[in-house]
Amino acid sequence: MNLRIALLFCLIIMSVPTSGQESCSKYYNLEEGANFQYANYGKNGNKEGSIHYKVHTVSHRDRDTEAWMKITYKDTKGKEYLSSDYNVNCIDNVVEIDYESMISSETLKQYKGKKIDISGSDIVLPNNLSVGQKLDDASVTMTMDMGGTKMNFQIDLINRSVEKKDDTTTPAGNFDCYVIYSERVTKQMIKQTFPSRLWLAEGVGMIKQETYDKGGNLMNRMVLTDYSN
């Protein structure tokens with residue numbers, strides 16, 4: 180399934196002051212050099228690979244911050260098979276995550292080398308979260324040139340809300356999390372909807388993410404295994 184969800188929400192990182200500056204984000208570490216590692220598991224519980232996030236470039240303007248992250252995807256043998264970049268902006272204590280982060284690693288790999296136009300609306304995450312809070316939708320549209328034929332692929336992230344608080348444990352430790360629910364709707368030939376839950380901890384970021392089929396059965400699970408600043 181999708182190694183990149185969100186990532187979706189992408190939502191991946193912790194917040195620490197950088198170079199004497201007060202951090203703009205509670206949930207994203209926008210410090211240059213920060214590293215986060217995740218293991219990805221399929222519906223049968225078998226490990227399907229790993230994902231490594233690294234903050235490689237950071238710029239500040241007043242209290243606003245922009246960070247660029249490199250994502251590296253590895254197979255079960257530890258061999259890198261894909262890498263990509265996206266940016267995270269923090270403006271007035273609201274994080275805006277690049278809409279391109281919604282595109283899965285499988286999709287990027289499938290259309291690697293093709294001419295692609297991408298547009299959309301960013302994923303927005305405020306610093307102050309509370310149970311029952313509704314969050315803005317997000318979307319991304321890819322238009323691919325298939326040798327004279329245009330093909331569109333759209334992803335909508337809808338019905339986003341803060342569902343509950345929950346304690347969860349991964350190989351990286353035990354964390355007090357907010358659980359963010361959303362539905363990922365893909366449109367390419369046919370329309371499919373995949374519910375998702377994201378465990379997000381203040382000071383660390385994304386701890387775990389689960390994606391389900393329309394019947395509520397687990398399809399994919401991604402968990403934090405290690406992180407450093």
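Going letter by letter, the sequence shown gives residues 180 to 408 in my numbering.
Every residue gets a Cβ at the ideal spot worked out from N, C-alpha and C, and that includes glycine.
These numbers were taken from a predicted model, which means no experiment stands behind them.
In chain order, what residues of the same chain have a beta carbon less than 6 Å from the beta carbon of F332, not counting five sequence neighbours either side? M321 and Q367
With DSSP run on the structure shown, which of helix, strand or coil describes K288? helix
Go ahead and pull the three-state DSSP assignment for Y217. strand
Which complete alpha helix (DSSP H) runs does the stretch 309-397 hold, if anything under 4 residues is left out? none
Return helix, strand or coil for E275, following the three-state DSSP convention. strand
Quick one: residues in its chain with C-beta nearer than 8 Å to the C-beta of K253, no 5 flanking neighbours on either side, listed in chain order? G228, S229, I230, H231, E259 and Y260
Can you find the residues in the same chain that come closer than 6 Å, C-beta to C-beta, to Q216, ignoring five residues on each side of it along the sequence? H231, T404 and D405
Whose C-alpha, out of D296, C356 and Y391, is nearest the C-alpha of M323? D296
Please report how far the alpha carbon of R339 lies from the alpha carbon of N214, in whole angstroms. 27 Å
Are the beta-carbon atoms belonging to K222 and G382 less than 9 Å from one another? no
K393, buried or exposed, once every other Cβ within 10 Å from all chains shown has been counted against 16: exposed
Report all residues from its chain with a CB closer than 7 Å to the CB of T347; omit the five preceding and five following residues, and keep chain order. F354, C356, W378, I386 and K387
Can you name, in chain order, every residue of its own chain whose Cβ lies under 7 Å from the Cβ of Q200, other than the five neighbours on each side? Only weak support is given to the placement of Q200: the predicted model assigns it a pLDDT of 45, under 50, and the value that follows is read from those uncertain coordinates. Only H239 meet the Cβ criterion.
With a 10 Å radius around its C-beta and 16 neighbouring C-beta atoms as the bar for buried, classify N399 as buried or exposed. buried
Note the first and the last residue of the continuous beta strand (DSSP E) segment covering C269. E259 to I270
Terminal residues of the continuous beta strand (DSSP E) containing E409? Residue 409 is absent from the structure shown; the chain starts at 180 and stops at 408.
State the beta-bridge partners of E245 as determined by DSSP. S238 and N268
CB of D301 within 9 Å of CB of D277, strictly: yes
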